[in-house]
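There are 2 protein chains.
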Amino acid sequence: MTRFSVTYRIFAPELAEAKVRAEAIALEQTVEIPRDVVPAGFIEDEILGRVEEIGSDGDGQFRATLSYSPHSAGFEIAQFFNVIFGNSSIQRGLRVVGIEPGEEMARRHPGPRFGIDGVRALCGRPAGGLIAPVLKPQGLDADDLARIGYLCARGGADIVKEDHGLMDQPMAPFRERVEKTAAAVTRANAETGGRALYFPTLAGQPDQLEGNIRFARDAGADGLLVLPGLLGFGTVSRIARDRELNMPVMTHPSFLGPYVLSPDTGFDHGVMFGTLQRIAGADISVFPNVGGRFGFSHAECAGIAHACRDGAGPGRPMLPSPGGGMSVDRAADMAAMYGDDVVYLLGGSLLRLGERIGEGIAAMRAALDAVRAAEA
Amino acid sequence: MTRFSVTYRIFAPELAEAKVRAEAIALEQTVEIPRDVVPAGFIEDEILGRVEEIGSDGDGQFRATLSYSPHSAGFEIAQFFNVIFGNSSIQRGLRVVGIEPGEEMARRHPGPRFGIDGVRALCGRPAGGLIAPVLKPQGLDADDLARIGYLCARGGADIVKEDHGLMDQPMAPFRERVEKTAAAVTRANAETGGRALYFPTLAGQPDQLEGNIRFARDAGADGLLVLPGLLGFGTVSRIARDRELNMPVMTHPSFLGPYVLSPDTGFDHGVMFGTLQRIAGADISVFPNVGGRFGFSHAECAGIAHACRDGAGPGRPMLPSPGGGMSVDRAADMAAMYGDDVVYLLGGSLLRLGERIGEGIAAMRAALDAVRAAEA
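These protein sequences, in sequence, are chains C and D.
Just so we're aligned: the first sequence equals residues 0 to 375 in numbering that gives the first Met the number 0.
Just so we're aligned: the second sequence equals residues 0 to 375 in numbering that gives the first Met the number 0.
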């Protein structure tokens, strides 16, 4: 059975110490017992992690690739990620910089159901950047949010996305909100002949999620926004793997910041907001854009976009979705940076337009079209 | 309605900048729109976060306490934590150092169902440290794991806990393993007259968790080990809040390391492994012990233990459970450090004893009793 591999950056003064630490990771992530107690046979030969390669990666840094057995990772995303970086996430000076699922884990976790082409087909936008205005603020009632959704769909949105802070609060309870907004977007589409999609934020206690997923689908939601940092990456996978449900998933980075912010722990930006999201099955991955309210650099954002769209996998290419401080003024720069296969989140500044919010979306569309025309 | 409050450590060169950042957090964590777009009335007065207090906290550091509305946090743990640190977790130079739920959120999330006294009552250990050997390694079959569970219960374990890496792998599928181990521990208890508890690791895809929780209860498991870093803190709460289920929860730190490892992001150790676990409803919180394989300091571990047991809440005091490198040799030091209300995890080194594993547990009990006798 093909093993999967994880590449770690180990911070250590010299190779000998990095090797010792790599062998310790091999134990920690699998059997979690001292080396001399590991039973011979199947456990030692198959289950125990294996250091496949280790070498220098710059001053005081080493790259170690370890392989693990699919038997160890089982069939759940939670256990797959548990083997990748469960306990070792608590070690200082250790960062995941690459994941190669291999044939067997790729079969168990085939990734995005829709991917770039699938999402484009759903919203009828075969080329050019996709525009996703965000319904907010928290505190509005369901009618007001649905009204904004209607105006956004009328204005030419590709995806009407809810703010990640809209969950199941009393001001706009999940089911009421989803029902009203789905109806509003459907009405707008009927009027324009367009195909704007509606992605509510999946809410609910764990034992309500199943019911809420089905409710959203039946009410006419086209996809779901999921917060893997709070609901777990397994929730993304549960939706992506459901053929009958057949809904695309957009993931949001809430609560995930500490995984990327320090260079010597967590995951590289592209692994967290690209690779892991793809393995879990997200079709669109939201992340904080360079130049917005968060401090991600140009290189980090480019790395995320690459990891989302890399033709080599894992699974189908997915859409990167930079958010935070996006505006018409930046459209040309953003199109130059991200190219065509991207979902632009348009946030709170659009609300300044009030009932004319659709004009803001139309302006963004015109700006993106101008970039494409100039390139052609 | 009583607002809840979160205290952040802000890294900034001067107070004026820290104040600007605190006001930005108030927006980011609630309405997530520019200040000038916040609608007057209910949203501005109630939903918008409020900077209640801000002051210096040492060189280049400031403490800011913000209050939020329970209307904003709703009724789910996910959304409560989303307001506490969702998007702001992606800001550099910002760390959560305290959470005060206040009356209303304490009512919605009353914390541990059992707490220290409840767990002690269940396992019939009114005083002294509790001993929890861990069933492993991954790769053994269900019969072998059940056999170790039997020997541990015979040897005087208070809690027979499964390794966090035992999920639903083919070598020892969750249901088979739980059934056999629960029966083995029950048999040992019948033979000794003891009351060792059995905590399997909750496994399954999100849509299997409900069934697996009930299966474990019906098969005779006494509590559940839950990995909130992978399954979400809501899963802890879902179990803790189920009066009919009535099972204690032990939480494990897998995948949570990056939240604490860097001093300028994430959560203080006590908040992550104490406060948040308590709010979610854990009765026992596992964390990496000082002097083990992980780099937590004495002060960090003491801070965690304090946050777990603080009589001021939130909710009932819970049991800290240091793990990693625990042994009989360290029993006296550990008892001096942690006192009585603690669960000692005994891991892989016990396996060296093979069929005599119970002797290792008895030796740990004798060492802890000796400390108590010396103190009395």
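Cβ atoms here follow ideal geometry from the backbone N, Cα and C, with glycine treated the same way.
What you are looking at is a predicted structure, and each value in this text was computed from that prediction instead of being measured.
The beta-carbon of valine 159 (chain D) is placed no less than 8 Å from the nearest beta-carbon of chain C.
Around glycine 222 (chain C), the same chain offers Leu196, Phe198, Met246, Pro247, Val248, Met249 as residues with beta carbons nearer than 7 Å, after the five sequence neighbours per side are excluded. Judged by their CB atoms, aspartate 162 (chain C) and glutamate 22 (chain D) are not nearer to each other than the 8 Å cut-off.
Using beta-carbon distances, aspartate 328 (chain C) does not count as an interface residue toward chain D, since no partner is under 8 Å. The three-state reading of DSSP puts lysine 160 (chain C) in strand, counting E and B together.
Secondary structure within the region 189-214 of chain D: the beta strand (DSSP E) runs of 3 or more consecutive residues, fully enclosed, are 196-198 (chain order).
By the rule that beta-carbons nearer than 8 Å mark a contact, phenylalanine 80 (chain C) touches chain D. Shown here, threonine 180 (chain C) sits in a helix according to DSSP, grouped into three states. A residue is called buried once 16 or more other Cβ atoms fall within 10 Å of its Cβ, and serine 55 (chain C), having fewer, is exposed. Runs of the alpha helix (DSSP H) lying entirely within the region 210-283 of chain D, each at least 4 residues long, are 227-230, 232-239, 257-260, 275-279 in chain order. For the options D:Arg237, D:His251, D:Arg176, D:Gly233, the alpha carbon positioned closest to that of alanine 215 (chain D) is the one of D:Arg176. The beta-carbon of glutamate 103 (chain D) is placed no less than 8 Å from the nearest beta-carbon of chain C.
Cβ proximity to chain D below 9 Å picks out Ala23, Leu26, Glu27, Gln28, Thr29, Val30, Glu31, Ile32, Pro33, Asp35, Val36, Val37 from the region 23-37 of chain C.
For glycine 324 (chain D), same chain residues with a beta-carbon under 7 Å away, outside a window of 5 residues either side, are Asn288, Gly290, Gly291, Arg292 in chain order. Remark: C-beta atoms of valine 133 (chain D) and tyrosine 7 (chain D) do not approach each other more closely than 8 Å. For lysine 135 (chain C), the closest Cβ of chain D is nearer than 8 Å.
By the criterion of a C-beta distance shorter than 7 Å, arginine 240 (chain C) is surrounded in its chain by Gly280, once the five residues flanking it on both sides are discounted. Cysteine 307 (chain D) places its beta carbon 8 Å or farther from that of proline 321 (chain D). Contact between glutamate 178 (chain D) and alanine 218 (chain D) holds, since their C-beta atoms are separated by about 5 Å, short of 8 Å.
Glycine 148 (chain D) places its beta carbon less than 8 Å from that of valine 184 (chain D). A Cβ-Cβ separation of about 5 Å places valine 36 (chain D) in contact with leucine 350 (chain C) under the 8 Å criterion. Three or more Cβ pairs drawn from the region 68-88 of chain D and the region 154-174 of chain C lie within less than 8 Å of each other, which places the two stretches in contact. In this structure, DSSP gives isoleucine 32 (chain C) a state outside helix and strand, which the three-state scheme calls coil.
The C-alpha of proline 38 (chain D) is placed about 45 Å away from the C-alpha of asparagine 86 (chain C). C-alpha of arginine 124 (chain C) to C-alpha of glutamine 276 (chain C): approximately 23 Å in a straight line.
Contact annotation for methionine 170 (chain C) against chain D: His70 [CB-CB distance below 7 Å, chain order]. Within the region 242-265 of chain C, those residues whose Cβ lies closer than 9 Å to any Cβ of chain D are, in chain order, His251, Pro252, Ser253, Phe254, Leu255, Gly256, Pro257, Tyr258, Val259, Leu260, Ser261, Asp263, Thr264, Gly265. Where isoleucine 83 (chain D) is concerned, the enclosing alpha helix (DSSP H) starts and stops at 76-84. Listed in chain order, the non-local C-beta contacts of threonine 1 (chain D) below 7 Å within the same chain comprise Gly101, Glu102, Glu103, local neighbours out to five positions each way being set aside. Just so you know, the alpha carbons of phenylalanine 286 (chain C) and aspartate 339 (chain D) end up roughly 45 Å apart. Within chain D, the residues placing a beta-carbon under 9 Å from that of histidine 163 (chain C) are Glu31, Asn81, Gly85, Asn86, ordered along the chain. Note on histidine 251 (chain C): 16 or more other CB atoms within 10 angstroms of its CB, so buried under the neighbour-count rule. At a cut-off of 8 Å between beta-carbon atoms, isoleucine 89 (chain D) makes contact with chain C. Using a Cβ-Cβ cut-off of 8 Å, threonine 234 (chain D) counts as an interface residue toward chain C, since at least one Cβ of chain C sits closer than that to its own. Inter-segment contact for the region 258-272 of chain D and the region 256-265 of chain C is present: three or more beta-carbon pairs are separated by less than 8 Å. Given a length threshold of 4 residues, each whole run of the alpha helix (DSSP H) inside the region 281-317 of chain C is given here in chain order: 297-308.
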